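First comes the structure, then the notes that go with it.
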Amino acid sequence: MRHWIKLAILAATALGLAGCQAGYGPGPGYDPNSIEGEWLDPNGIQSRFTAGRFETRTTDTNTLLATGKYTYVNRRLVQVDIRSLVRGTNARVNCSLVSPTRLNCTSSSGDQFSLTRRLV
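Mapped onto mature numbering (1 follows the signal peptide of the UniProt record, and there is no 0), the consecutive letters of the sequence shown carry residue numbers -22 to -1, 1 to 98.
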């Protein structure tokens, strides 16, 4: 029985290392101190931050849900002005980069949510 456990651990380790060699992980130009790139929320909504522009799309149909712009308040905090295309409303959200892969956000109405960096 212990022999199978050791083999399973060895196989899992080998697969993990093979995944690293196969190109999984951050894409070219990845900066862990920047919000630039793609982020996912727990509901499967994808947000993209690129050169001061913001957009949110569904992951299944790629439907555009919201657009906007963002500005850095400091190195880890950004202010996002969002225009919801679904509701026809505007909102301001402050997002804090709490780790290279986690963005915690609070809207002006106090709603809180987190995004996880999508590593390509």
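Backbone N, C-alpha and C fix where the C-beta goes; we use that ideal spot for every residue, glycine too.
Note that the structure is a prediction, hence the values are computed from the model and not measured.
Query raised in the report: With a Cβ-Cβ cutoff of 8 angstroms, do L18 and T45 count as a contact?
Result: In the sequence shown, the residue the question calls residue 18 occupies position 40. In the sequence shown, the residue the question calls residue 45 occupies position 67. It is not a contact, given that the beta carbons lie outside the stated cut-off.
Requested in this report: Specify the secondary structure class of I23 as computed by DSSP and reduced to three states.
Outcome: On the sequence shown, position 45 is the one that residue 23 refers to. Strand, per DSSP.
Report task. Leaving aside the five residues before and after Y50 along the sequence, list all residues of the same chain whose C-beta is less than 7 angstroms from its C-beta, in chain order. Result -> Numbered from its first residue, the sequence shown carries residue 50 at position 72. Result list for Y50: V56, in chain order.
Query - Nearest neighbour of L97, chosen from S74, G30, P78 [CA to CA] - result: Along the sequence shown, read from residue 1 onward, the residue named residue 97 stands at position 119. The shortest C-alpha separation from L97 is found at P78.
Query - Start-to-end residues for the beta strand (DSSP E) that takes in I60 - result: As a position in the sequence shown, residue 60 is number 82, starting the count at 1. For I60, the uninterrupted beta strand (DSSP E) run begins and ends at 55 to 62, by DSSP.
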